[in-house]
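Numbering (this note's numbering), first residue to last: 1348 to 1606. Written out below as structure tokens is the structure these notes cover.
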């Protein structure tokens, strides 16, 4: 078998499994693990995969802080479905907290009111989208503006939250690693998110399936601090099973076929 053929098989296996141990690849291809490690080094140089503790993974587990406008272009349909699912959980005269990020923008676009709704948010974009609805009382948190996410962070934003209590927090994340917890790329945002979690009775994470198995730089919380995760149907079944075993409600947002 040529090196090229091995590379093709390795990438093919990774597409199916997301991560594979070096030993498994060596067995599968019937070559030494030294050969596999060389293959993985080559493929990593070509940016086709990433190395991580004796295994190969398809995606870079460390996410860089990307601009909101850039993130808006990814997983548009998944985010819309997740947003619709989350919006359907809002009740009459509810008071909710909405964190920041593109999935929160998708949620804001899906919120339709027939009654009063109170929304506290760190996101300028969310406030802007919701400001068109007269039924919604918006409390815009103040503080230090993050240019990349167009949301506020810092002690002023955190202090303001101590006066409120909300039924639900809807929060977006950059990564969900079932062993490590939920993460974001910004330390101050992680800190504000933690304060938000204390302000809400229920913590609902909105995350498209690309977020699983990834870690941002800053940890927001452990998995046990989360009540519910809303994601799309591309979540790996093994991941879904583990989440449910943790006692977290898992909701898969799908296209409703009612129309």
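The C-beta atom is built at its ideal place from N, Cα and C for all residues, glycine as well. All values reported here derive from a predicted model rather than from experimental measurement.
Can you find the residues in the same chain that come closer than 7 Å, C-beta to C-beta, to residue 1539, ignoring five residues on each side of it along the sequence? Locating residue 1539 in the chain shown gives position 192, counting from the first residue. Closer than 7 Å at Cβ, skipping near neighbours: 1469, 1500, 1504, 1505.
Tell me the rounded alpha-carbon separation between residue 1606 and residue 1448. Counted from its first residue, the chain shown places residue 1606 at position 259. Counted from its first residue, the chain shown places residue 1448 at position 101. Confidence is the limiting factor: at residue 1606 the pLDDT is only 43, short of 50, which leaves the residue's position unreliable, though a coordinate-based value still follows. So the two alpha carbons sit approximately 30 Å from each other.
Residue 1394, DSSP secondary structure in three states: As a working mapping, residue 1394 is identified with position 47 in the chain shown. Residue 1394: coil per DSSP, three-state reduction.
Check the C-beta distance from residue 1476 over to residue 1456 and give it rounded, since I have them as a contact under 8 Å. The sequence position of residue 1476 within the chain shown is 129, counting from 1. The sequence position of residue 1456 within the chain shown is 109, counting from 1. Their Cβ separation, rounded to whole angstroms, is 6 Å, which keeps residue 1476 and residue 1456 in contact under 8 Å.
According to the Cβ coordinates, are residue 1559 and residue 1525 closer than 9 Å? The residue you call residue 1559 lines up with position 212 of the chain shown. The residue you call residue 1525 lines up with position 178 of the chain shown. Against a cut-off of 9 Å, the Cβ pair of residue 1525 and residue 1559 comes out as a contact.
For residue 1462: DSSP bridge partner residues: Within the chain shown, the letter at position 115 stands for residue 1462. The partner list for residue 1462 (beta bridge, DSSP) is empty, contrary to what the question assumes.
Since residue 1543 and residue 1453 are thought to touch, with beta carbons under 8 Å apart, how far apart are those beta carbons, to the nearest angstrom? Stepping through the chain shown from its first residue, residue 1543 is reached at position 196. Stepping through the chain shown from its first residue, residue 1453 is reached at position 106. Not quite, the Cβ-Cβ distance comes to about 18 Å (not below 8 Å), so this is no contact.
Is it buried or exposed for residue 1423, if we count other Cβ within 10 angstroms and need 16 for buried? Here the question's residue 1423 lines up with position 76 in the chain shown. Exposed: under 16 other Cβ atoms inside 10 Å.
What do you reckon, are the CB atoms on residue 1552 and residue 1518 nearer than 9 Å? Here the question's residue 1552 lines up with position 205 in the chain shown. Here the question's residue 1518 lines up with position 171 in the chain shown. In this structure, residue 1518 lies closer than 9 Å to residue 1552 by Cβ.
Using only the alpha-carbon positions, how far apart do residue 1381 and residue 1359 sit? The sequence position of residue 1381 within the chain shown is 34, counting from 1. The sequence position of residue 1359 within the chain shown is 12, counting from 1. Those two C-alpha atoms are separated by around 20 Å.
According to DSSP, what are the bridge partners of residue 1414? Counting from one through the chain shown, the residue named residue 1414 turns up at place 67. Partner(s): none; residue 1414 has no beta bridge.
Cutting at 6 Å between CB atoms, please list the residues of its own chain near residue 1393, excluding the five before and the five after it. In the chain shown, the residue the question calls residue 1393 occupies position 46. Cβ within range, chain order: n/a, list empty.
Following the continuous alpha helix (DSSP H) through residue 1537, name the residue where it begins and the one where it ends. Numbered from 1 along the chain shown, position 190 holds the residue referred to as residue 1537. Counting along the chain, the alpha helix (DSSP H) containing residue 1537 begins and ends at 1534–1546.
When the Cβ atoms of the segment 1506–1516 are set against those of the segment 1425–1432, are three or more pairs found closer than 8 Å? The segment 1506–1516 vs the segment 1425–1432: no contact.
Measuring only the C-alpha atoms, how far is residue 1595 from residue 1348? Position 248 of the chain shown holds residue 1595. Position 1 of the chain shown holds residue 1348. Straight-line Cα distance between these residues: approximately 46 Å.
Can you give the beta carbon distance from residue 1387 to residue 1403, rounded, assuming they're within the 8 Å contact cut? What you label residue 1387 is simply residue 40 of the chain shown in a count that begins at 1. What you label residue 1403 is simply residue 56 of the chain shown in a count that begins at 1. The pair is a contact, with the Cβ atoms about 5 Å apart (cut-off 8 Å).
What are the start and end residues of the alpha helix (DSSP H) that includes residue 1430? Your numbering for residue 1430 matches position 83 in the chain shown. DSSP places residue 1430 inside the alpha helix (DSSP H), whose first and last residues are 1423–1434.
Selection from 1369, 1391, 1420 that minimises the alpha carbon distance to residue 1401: Mapped onto the chain shown, residue 1401 falls at position 54. Answer by Cα proximity: 1369.
Secondary structure at residue 1355, three-state DSSP: helix, strand or coil? The sequence position of residue 1355 within the chain shown is 8, counting from 1. The answer is helix: DSSP assigns residue 1355 an H, G or I state.
If you run the structure through DSSP and keep just helix, strand and coil, what is residue 1369? In the chain shown, counting from the first residue as 1, residue 1369 sits at position 22. The answer is helix: DSSP assigns residue 1369 an H, G or I state.
Run of the alpha helix (DSSP H) containing residue 1502, from where it starts to where it stops: Numbered from its first residue, the chain shown carries residue 1502 at position 155. It spans 1502–1508 - the alpha helix (DSSP H) in which residue 1502 sits, taken as one unbroken run.
With the cut-off set at 9 Å, would you say residue 1444 and residue 1537 are in Cβ contact? Your numbering for residue 1444 matches position 97 in the chain shown. Your numbering for residue 1537 matches position 190 in the chain shown. No, they are not a contact pair.
What is the rounded straight-line gap between the Cα of residue 1354 and the Cα of residue 1583? Counting from one through the chain shown, the residue named residue 1354 turns up at place 7. Counting from one through the chain shown, the residue named residue 1583 turns up at place 236. If I take the Cα positions, the gap works out to 24 Å.
The beta strand (DSSP E) spanning residue 1598 covers which residue range? Here residue 1598 corresponds to residue number 251 of the chain shown, with the count starting at 1. It spans 1596–1600 - the beta strand (DSSP E) in which residue 1598 sits, taken as one unbroken run.
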